[in-house]
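Working notes, structure below.
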Amino acid sequence: MKVITMTAWRRPDYFDQVLSALEECTGSQDYTVLVQIDGGYPYAQEIIMERCWKSSLNVEAVSEINNIGCAGNTHKALSRGFAEDVDWIIHLEDDTLPSKDFLVYMEENLLRYQFMDMIFSVAGYQGTHDRDWVTPWFDDDTESLGVATWFTCWGWGTWRRVWDQLDEGWFGI
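Under our numbering, the first residue of the sequence shown carries the number 11, and numbering increases by one thereafter.
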């Protein structure tokens, strides 16, 4: 089984764009998408839930009654993902548009680096950042892949070995 976890809040228009882009990703039909909708906005939650039902992907959505915040909602999404029999998951937020080859890139790197304890996550975010790479991964291609001491939440994946260490202390929860 391959799992994508996805968090959503009160932004059904963003959510629709992200789910539409995910439906177009190479290999997306091979995944179960576990959507965790934060609470507090019933009308937006209803629209997001309806969009999940209409998806061409295998989407399982859960909606919270109360607003638990970004960190709490992400924790619940990851907990659901790692409750499945998987070694790694890919995570998206409701405002992160994946490119067509996002899943291919993520899968390749999650498999490649799964046994490297120094690596916490693989991220699909590519853009300018105010932080420099600590170490370019390849001498001839420093813009494509590198090791950094910072984390990005814009399209990322991690392994069960990392989750087992973080679960209890997830960002202070």
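Beta carbons are placed, not taken as given, at the ideal position from N, Cα and C, and that holds for glycine.
In the structure shown, S73 adopts extended strand secondary structure according to DSSP, grouped into three states. DSSP places Y41 in the uninterrupted beta strand (DSSP E) bounded by Y41 to I47. In the three-state DSSP reduction, W166 falls in the strand class (E or B). DSSP, read as helix, strand or coil, puts K64 in helix. Here T168 is not near S109, since their CB atoms are 7 Å or more apart. When secondary structure is reduced to three states using DSSP, T84 falls in the helix class. Note that the C-beta distance between T106 and W164 is below 7 Å. Counting other Cβ atoms within 10 Å of its Cβ, D111 stays below 16 and is therefore classed as exposed. Unbroken alpha helix (DSSP H) stretches of 4 residues or longer found wholly inside the region 82 to 138: 112 to 122, given in chain order.
The alpha-carbon of L44 is positioned some 25 Å away from that of F125. In this model, V13 and L120 are separated by some 13 Å (Cα to Cα). Rounded to whole angstroms, the gap between the alpha carbons of M116 and S38 is 12 Å.
About 4 Å separates the beta carbons of A54 and R20, which is inside the 8 Å limit, making them a contact pair. The alpha carbon of W166 has as its nearest neighbour, out of I78, A31, T42 and L113, the alpha carbon of L113. By the Cβ neighbour-count rule, E103 is buried, with 16 or more other Cβ atoms within 10 Å of its own. Between Q27 and K86, the C-beta spacing is not below 7 Å.
Each residue's CA atom was taken as its position, placing G134 and N76 some 30 Å apart. Annotation: F92 to R122 spans about 20 Å, alpha carbon to alpha carbon.
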